[in-house]
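Okay, structure first, notes after.
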Amino acid sequence: MIANLEYTTLQHLWWLLCSVVGSLFLFMNFVQGGQTLLWQVAKTEEEKGLVINSLGRKWELTFTTLVLFGGALFASFPKFYSTSFGGAYWVWMLILFTFVLQAVSYEFRKKPNNIFGSKVYELFLLINGSVGILLIGAAVGTFYTGANFTLDANNFVTWTHPFRGLEAALSLSIYSLFNISLGIFLVLNARTLASMYLINNIAPEEVPAMEQRLRAACENNCLYSLPFLVIVLLFLLLMPGYGIIDEQGTIAMVSFKYLKNLFANPWLLLFLVAGLALLLYGVWHTSWKRQNKGIWFGGLGTVLVGLTVFLLPAYNNTAFYPSRVDLQSSLTIYTASSSPYTLMVMTYVALTIPFVLAYIAYVWWSMDKGKIRMEDTGDPTSY
Amino acid sequence: MLENMDLTMVNWARAQFALTAMYHWLFVPLTLGITWMLAFFHTIYVKTGNEEWKRLTKFWMKLFGINFAIGVATGIILEFEFGTNWSNYSWMVGDIFGAPLAIEGIIAFFLEATFFAVMFFGWNRVSKGFHLFSTWMVAAGSTLSAVWILVANAWMQYPVGQVFNPDTARFEMHSFADVAFSPYAVNKFVHATSSSMLTAAFFIISISSWYLLRGRHLLMAKRSIVVAAVMGIFASVFTVFNGDESAYEIAQVQPMKLAAFEGLYEGKTNAGLAAFGIVNRNKQVFDDQDPFYFEIHFPYLLTLMANRSFNSFVPGMKDLVYGNPEHDILGSAQKMVRGKQAIASLDAYRQAKKNSDETDAATHLAAFNETKEYLGYGYLNAPEEAVPPVALSFYAFHIMVTLGTLFPFIFLLYLYFTKKGTLEQKKWLLGFGTITYFLGLIAGQAGWVVAEVGRQPWTIQGLLPVTIARTNLTAATVQTTFYIFLFLFTALLIAEISIMLKQISIGPEEN
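Chains S and B, in that order, are what the protein sequence lines are. Note that the first sequence covers residues 437 to 819 in this note's numbering. Note that the second sequence covers residues -5 to 505 in this note's numbering.
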């Protein structure tokens, strides 16, 4: 059956799969959110130990999801991979830099003779959770606002802005406002999710004071994120977009393109509305109802919102990586994808994804049946 | 753009990739090898219920965890560096090269990452059986990861299963089976994993020997040594035999690499294998200088290794650069001419297509198809560019081979004296044993230098030179990130060594 799929179907399918991975990454960003909360909600070494050991059992899954996101894009949309990573050099390098810092910090933080001291590793975690996610948000924002590149006849990229990608967050333009708002929303949403996750994962009776702080953090971060969410939504509804306007694949500015895309794909509108509702319900469940399962609502909500964010600029004949300096260099899922053969092979491989998700879910359930307690932080192999 | 290549940038990009790859490979062999030993130790604990085996398992697991973290940190850069520093490459071969990386993520990384947490923190959280299963899954995940990244690397050395699409000017996969089961990939996987296992065995032997010298943790150290030495013997014998197979394969598909790491400028029948030599670094492929200041070689052995027969011809660098009609060898000089014809035909074809002149397009496409296999050579500026750095390749190869030949004997000595029950008295062996881990690392690093430096100037052997594969960046940009990562990785390495030494000094937790 897979062998008979049309090329355009495969292209849509693979953008969907990449979007699912990207959305799961946004959910798993509760690890990064928790890293930025560490300084705020954990006031004692014991509380810090609980937070770090709770997050430390998941950091690698988040990291791996990011790596898979990159790998899946490389295999299925290599022109995007080469254009964005090669072009927006500094933004990706800085993001990677923060993830390198994260990768060692859990393991090294409490180990004797770690040279830099535990505070430095906690700072590394803070940098990853804040700068890393902010920049990822700004980079994703360019799916809507465009980037400064041209492609030559061989599709080799030339970046036209000296900041090489950082201009998405740092230039003084209306588009930066969108990019940076999306980035800040993701950081604050990660903190909201982290509060829900930690309440769910750590035995509350061990640290009642921290539990109060976590419930307050959940509410506060959600509230702080709302203005940025409103900015993002207003942009999405009002901004012009980069549409494919004829069969030759010509790209042109189309007014209210993303609003039109929402109406053209009402299920995306449903994802967005349901996702935001679930997010808010998760916060209400956690902060007002003082329940512990808010993370599952917030998590599912984030995945649905994430799917909208990734699919909206790509489906319905839209350029998902537009060039602001040369419209015809813009990338669409039709022009940026691998060959039909590679997409077909990769689709067979993707049949293993449900199995992978199933064993992750089983392991997650097995390990989290029992809450994290003080005794879990005392083992020499603990973080 | 192609005419104005910034070679300095290419060299910085090469340096950055070498830096990240070499740092990464300081940690990966231990991860690859020790996970299987952890699975073995853990199995014995579950089978016997003996707490001493649990202590032993947890101790080596703790050291593995420290190593694993920094291995992950250095690994993420490598994947994305293909995009950041080699973006033209990513576009031109993403169809083929991206697939194994994505498969690695789906099949291997998640297995490793998911069960890693259970292995470390599942002692009192999951059943003993599931916990043991998780340890085996971490080992399986790390090995599967090696499979796919080595498939990708093998394809760069010996590109198979692809076609060049003249319309998009890029390579596209046409047989996944050819890519995944290429003999080069199979050999590379066996060689890299077996050599990693012997490196991990040396890691355990080094630390255990130190304990024996100090008279600490004697039972744990002796048990660890037995397991490590047995695994080490198998791994080292595999490595040696597979190394020979790899050399044969290189002779068939990358003869220039073989000539470079043997310092063979003039092709020979009955060529000898250099045992030791001091390379004349001023020697050029076109001059008549002696390639060595001093050299000892084993007669006939290179011919035997390269062709599996005596009395056959092994081409030297001169033959491969300027050609040798007597032995029907086309040199890079002749390939360059055909490559430039291929480029011209391709350009003409694309122009004709643009003008919708199908007749003209068909003519140019036919001309292109006749010379397309030499396309990559058309981007070289001189035939001599096809020669990789000889001295570096030569020394790296000979360091690797010398150490690899020595390794089985070290493991045998450990097993012999353990069986005799006199290992603790053999201070000389234990003293030497403490440095064997570094010898394993040196051999591994040298092996990758042979593989990667020996492939230069190609990103993909014979198809895509590094000057085309790069990103359009300034040298200063790449230079900056090179120093950032040099500083960062070095700082983290120092921290890792310091933590590791402290944990070794503390030793296994007491009951």
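The beta-carbon is built from N, C-alpha and C at its ideal position, and this holds for glycine as well. Owing to the predicted nature of the structure, the values given are computational and were not obtained by experimental measurement.
In the DSSP secondary-structure assignment, H291/B is bridged to A268/B. Beta-bridge partners of R164/B (DSSP): N159/B.
Between E352/B and chain S, the shortest Cβ-Cβ separation is not below 8 Å. At a C-beta separation below 8 Å, F109/B has these neighbours in chain S: V799. With respect to chain B, the C-beta atom of T686/S has no partner C-beta closer than 8 Å. Judged by pairs of C-beta atoms under 8 Å, the segment 378 to 397 of chain B does not touch the segment 355 to 362 of chain B, as fewer than three such pairs exist. Under the criterion of beta carbons closer than 8 Å, P514/S and S774/S qualify as touching, at roughly 6 Å. Residue environment for K366/B: buried (at least 16 other C-beta atoms within 10 angstroms of its C-beta).
By the beta-carbon neighbour count (other beta carbons within 10 angstroms, threshold 16), W801/S is exposed. Under the 10 Å beta carbon count, S520/S is surrounded by 16 or more other beta carbons and is classified as buried.
Proximity of G806/S to chain B, defined by a Cβ-Cβ separation below 8 Å, is satisfied. When the beta-carbon positions are compared, G27/B and T193/B come within less than 8 Å of each other. The C-beta of S609/S has fewer than 16 other C-beta atoms within 10 Å across all chains shown, which makes the residue exposed. If you compare the alpha carbons of I498/B, G88/B, I323/B and K348/B with that of D161/B, the shortest gap goes to K348/B.
Under the three-pair Cβ rule at 8 Å, the segment 39 to 58 of chain B does not count as touching the segment 499 to 509 of chain S. Within the segment 635 to 676 of chain S, no run of beta strand (DSSP E) reaches 3 residues while sitting entirely inside it. Secondary structure note for M394/B: its alpha helix (DSSP H) is the uninterrupted segment V384 to K414.
When DSSP assignments are scanned along the segment 102 to 179 of chain B, the uninterrupted stretches of alpha helix (DSSP H) that are 4 or more residues long and fall wholly within it turn out to be 104 to 115, 122 to 151 and 170 to 174. Ranked by Cα distance from Y757/S, the first of G469/S, G565/S and G601/S is G601/S.
Rounded to whole angstroms, L474/S and V745/S show a C-alpha spacing of 28 Å.
Within the segment 43 to 56 of chain B, K52, M55 and K56 place their CB atoms closer than 7 Å to a CB of chain S, listed in sequence order. Bounds of the alpha helix (DSSP H) holding F476/B are A469 to I500.
A straight-line Cα-Cα distance of about 13 Å links S541/S and V467/S. Residue ranges of uninterrupted alpha helix (DSSP H) with 4 or more members, entirely inside the segment 503 to 546 of chain S and ordered along the chain, are 525 to 544. Of all residues in the segment 762 to 789 of chain S, only S774, S775, Y777, T778, V781, M782, V785, T788 and I789 place a beta-carbon less than 7 Å from a beta-carbon of chain B.
Neighbours of D89/B in chain S, taken as residues whose beta carbon is under 7 Å from its own, are P514, S774, S775 and T778 in chain order. Residues of chain S whose Cβ lies closer than 8 Å to the Cβ of R119/B are, in chain order, S802, M803, K805 and G806. Inside the segment 600 to 627 of chain S, DSSP marks whole alpha helix (DSSP H) runs of 4 or more residues at positions 603 to 606, from first to last along the chain. When DSSP states are grouped into helix, strand and coil, M225/B belongs to the helix group.
Sorting F170/B, N147/B, G77/B and L1/B by C-alpha distance to the C-alpha of Y777/S places F170/B at the top.
At a cut-off of 8 Å, the C-beta of I638/S has no neighbouring C-beta in chain B. Beta-bridge analysis with DSSP links P451/B to no other residue. Under the Cβ criterion of 8 Å, Y660/S is not counted among the residues facing chain B. The beta carbon of T187/B sits closer than 7 Å to those of L26, T137 and A140, all from its chain and outside the five residues before and after it, given in chain order.
Beta-carbon to beta-carbon, N489/S and Y819/S are separated by about 5 Å, close enough to satisfy the 8 Å threshold. Nearest neighbour of A7/B by Cα position, chosen from R545/S, Y525/S, V556/S and M803/S, turns out to be Y525/S.
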